[in-house]
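Residues in the sequence shown are numbered from 60 upward in steps of one, following my numbering.
Glycine residues also receive a C-beta, built at the ideal position from the N, C-alpha and C atoms.
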Amino acid sequence: MLLGAVLLGGLPAVAGAASAAVAAADAPQVVIDGLTPGSYSGTCAAPVTYNAAGRVVLPPGPAADVAYSWQLDDKEVRGATLSFPESTQPRSQAVSATWNYGTSNAGAHRVRLVAQGATAEQGFNFTCGPAAPPAYVTFHDMLTPLFRGECNVAVGLRAEATVVADRDTEIQYRVVVDGVPGWPRSQQVNAGVKTHIGDFWYSSAQAGGSGSIRIEVLNHNKPVKEEAYNRVCRAVPSPVPYVRISALTPMAYYGSCDEAPYLTAYGTFRAPAGTQVSYRWLMNGVPLESNMLTVPQSGMLQVQPAWWRQQSKQSGNLTLEVLNNDRPTLTVTQPVNCQ
60 MLLGAVLLGG LPAVAGAASA AVAAADAPQV VIDGLTPGSY SGTCAAPVTY
110 NAAGRVVLPP GPAADVAYSW QLDDKEVRGA TLSFPESTQP RSQAVSATWN
160 YGTSNAGAHR VRLVAQGATA EQGFNFTCGP AAPPAYVTFH DMLTPLFRGE
210 CNVAVGLRAE ATVVADRDTE IQYRVVVDGV PGWPRSQQVN AGVKTHIGDF
260 WYSSAQAGGS GSIRIEVLNH NKPVKEEAYN RVCRAVPSPV PYVRISALTP
310 MAYYGSCDEA PYLTAYGTFR APAGTQVSYR WLMNGVPLES NMLTVPQSGM
360 LQVQPAWWRQ QSKQSGNLTL EVLNNDRPTL TVTQPVNCQ
């Protein structure tokens, strides 16, 4: 039985037809971002709560109303109509559903998110039996963002961690930023194999600052790892260059240094749409192979180097360098904290 419904838009019956505006817009897309606990095998002494999280995405275009619904095993459940304002950028709204399963629901199931012809679905199994002993899960390391850039627009930030379990299992986890929990996620892990988990969020803070990120494993032995992150705001150069590095975000490493830490970073260029940007990354002054990309219609080009091993097991320098146009360059510290 379905208990909950949508995150946005209340719980009215799904609209029977799209508005005239949606007919003029491109068709929506739907995405199921997460289903917890996913396939379940364990005790059913108490009801098992399921959470499905998804998104309805609409391309740039005029204002439009989009009707959607969640379906469980081909049975339509509550939905709503989402209102999207006119925009020149892709638009997205989050939706969710919650329900409980018990002993009478054992078997294969399918959850589906539908919006005016667009469909996303995910299958899962529900099995009741004796409670399995919990797996033992540990954190190997954690990466947190150190944003250096312009704070005049919302920026996407990400936190990641590597976990290891003592047997094949599925873990549920969530990322908590400054005390605000994100959606629960699930990840299949294999015994003894390092597995990456993580999540992203948008920050619209207009000033720099610091905070804390906590990654919580919600099942098994429920380990937790918490580390710091921060934002340093940089003013837009005056006069504004044709191509500029608007953000550079190294990921600070916290964890075991038994082997060389595995690192990454993120950068953003801003330039007129269609501009070709030749750039390269330098790790501790050592240049990597250059790349050439074209700035999309948004005027923002996001880049990421290939993950690399910090063989020194110490903090170093990370540089993003443009090789044409105004040739801007930005160097930041790449922190490594061995624990």
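Which word fits residue i, buried or exposed, when buried means at least 16 other C-beta atoms lie within 10 angstroms of its C-beta?
i	result
P189	exposed
W366	exposed
L322	buried
N184	exposed
F28	The structure shown does not extend to residue 28, since the chain spans only 60 to 398, so no value can be given for it.
T392	exposed
E286	buried
Y99	buried
F328	buried
R169	exposed
E145	exposed
P243	buried
R290	buried
G326	buried
R171	buried
P118	exposed
Does DSSP classify residue i as helix, strand or coil?
i	result
S163	helix
R26	Coverage of the chain is limited to positions 60 through 398, which leaves residue 26 absent and any answer about it impossible.
S78	Bear in mind that a pLDDT of 43 at S78, under 50, signals an unreliable position, so the number given afterwards is only what the model happens to contain. Coil.
R114	strand
W242	coil
D85	coil
W158	strand
N350	strand
A153	strand
S128	strand
Y288	strand
E209	coil
D200	strand
How many angstroms separate the CA atom of residue i from the CA atom of residue j?
i	j	result
R368	G120	43 Å
T203	L379	19 Å
L382	L307	16 Å
A84	V154	Interpretation of A84 is limited by its pLDDT of 49, a score under 50 that renders its predicted location unreliable; no figure is taken from the coordinates.
R207	K372	23 Å
E135	L277	30 Å
Y288	A123	38 Å
Q356	A332	5 Å
T197	K284	9 Å
A250	C103	25 Å
D200	E275	13 Å
V223	K253	5 Å
G344	N376	7 Å
S262	T162	42 Å
V116	Q130	18 Å
A266	E209	9 Å
Got a sec: does the ligand SAH put a non-hydrogen atom nearer than 7 Å to the Cβ of residue i?
i	result
T308	Summarising the ligand content, the structure contains no ligands, and the ligand SAH is consequently not present.
To which residues does DSSP link residue i through a beta bridge?
i	result
R293	Beta-bridge pairing links R293 to no other residue.
P309	A324
L216	W260
Q370	None; Q370 has no bridge partner.
S357	Beta-bridge pairing links S357 to no other residue.
A250	A224
E405	Nothing about residue 405 can be read from this structure; the chain reaches only from 60 to 398.
So, does the segment 88-98 touch the segment 168-183, judging by three or more C-beta pairs under 8 Å?
Verdict: yes, contact present.
Inter-stretch contact at 8 Å, needing at least 3 Cβ pairs: the segment 236-244 / the segment 343-353:
no
Kindly confirm or deny that the segment 292-301 and the segment 310-322 touch, where touching means at least three C-beta pairs closer than 8 Å.
no
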